[in-house]
Amino acid sequence: MLTLDEVVQRLKEVLGDNFLEEGEFRGQRFVILRKDGVKEAIKLLKDLGFNHLQTLTGVDYLRIKNRKARFEVVYQLYSIEKRLQLRLRVEVPEDDPEVDSIVDLFPCANFLEREVYDLLGIRFKGHPNLKRILLPENWVGHPLRKDYPLEPEEKPLDFIELKKLNEELLKYGIK
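Numbering (the working numbering), first residue to last: 151 to 325.
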């Protein structure tokens, strides 16, 4: 049975330059990868017994100094048999916000990848149905991006004005 140190070492060996660094934060081991290594890393971890994708999410690090990439896609994997968990942090550049989909390896990633796409605009190459999941298809922008406008571009619906307009229309027999 492999230890977490041995798993991380295998990732280093297999991924080569796509493996950037490893660390620990609050007792949680993580590795940071280039986006070109995500599919290979997930496949290797699944082969090593990491059979449960706990979560997949995205992070926008706009205005955070000393960051190489604006975005990260974060995968939390767990080996039920070995009781080990590992977090993969994948750097995603702003000028090409796309990583490989892992839906073929973990079908539960389907809606999670769609959510990250919908709210952050990170595309998942090879996803079987990459479209918005929470917001309407005609929504402009991605609201979890740090540069998303806080003020609406359109004037919000004013119900008092709407009521007055409705009363005016009723005067002319228009319902």
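Note that the Cβ used here is the ideal one computed from N, Cα and C, for glycine as well.
Sub-8 angstroms separation of residue i and residue j beta-carbons
i: SER229; j: GLY187; result: no
i: LYS296; j: ASP210; result: yes
i: LEU203; j: LEU236; result: no
i: LEU262; j: LEU320; result: no
i: LEU255; j: VAL181; result: no
i: GLU248; j: ARG264; result: no
i: ARG184; j: ASN168; result: yes
i: LEU269; j: LEU284; result: yes
i: VAL266; j: GLY208; result: yes
i: ARG160; j: LEU194; result: yes
For residue i, three-class secondary structure by DSSP
i: LEU227; result: strand
i: GLY208; result: strand
i: ILE214; result: coil
i: PHE200; result: coil
i: ILE324; result: coil
i: LEU152; result: coil
Span separating the alpha-carbon of residue i from that of residue j
i: CYS258; j: GLY291; result: 25 angstroms
i: VAL253; j: LYS313; result: 48 angstroms
i: GLU156; j: GLU171; result: 15 angstroms
i: GLU163; j: ALA191; result: 11 angstroms
i: GLN178; j: LEU234; result: 10 angstroms
i: LEU294; j: LYS189; result: 25 angstroms
i: VAL242; j: GLU318; result: 54 angstroms
i: ASP250; j: TRP289; result: 24 angstroms
i: GLU231; j: THR153; result: 12 angstroms
i: LYS325; j: LEU315; result: 11 angstroms
i: PHE221; j: PRO278; result: 22 angstroms
i: GLU174; j: VAL224; result: 14 angstroms
DSSP bridge partner residues for residue i (one or two, in chain order)
i: ARG160; result: Partner(s): none; ARG160 has no beta bridge.
i: LEU183; result: PHE169, VAL240
i: PHE330; result: Residue numbering for the chain in the displayed model covers 151 to 325; residue 330 lies beyond these limits and cannot be assessed.
Review point. Which ranges does the beta strand (DSSP E) cover as unbroken runs of at least 3 residues, wholly within the stretch 217-301, from first to last along the chain?
Key: With a minimum length of 3 residues, the unbroken runs of beta strand (DSSP E) contained wholly in the stretch 217-301 fall at 221-229, 234-242, 248-250, 273-275.
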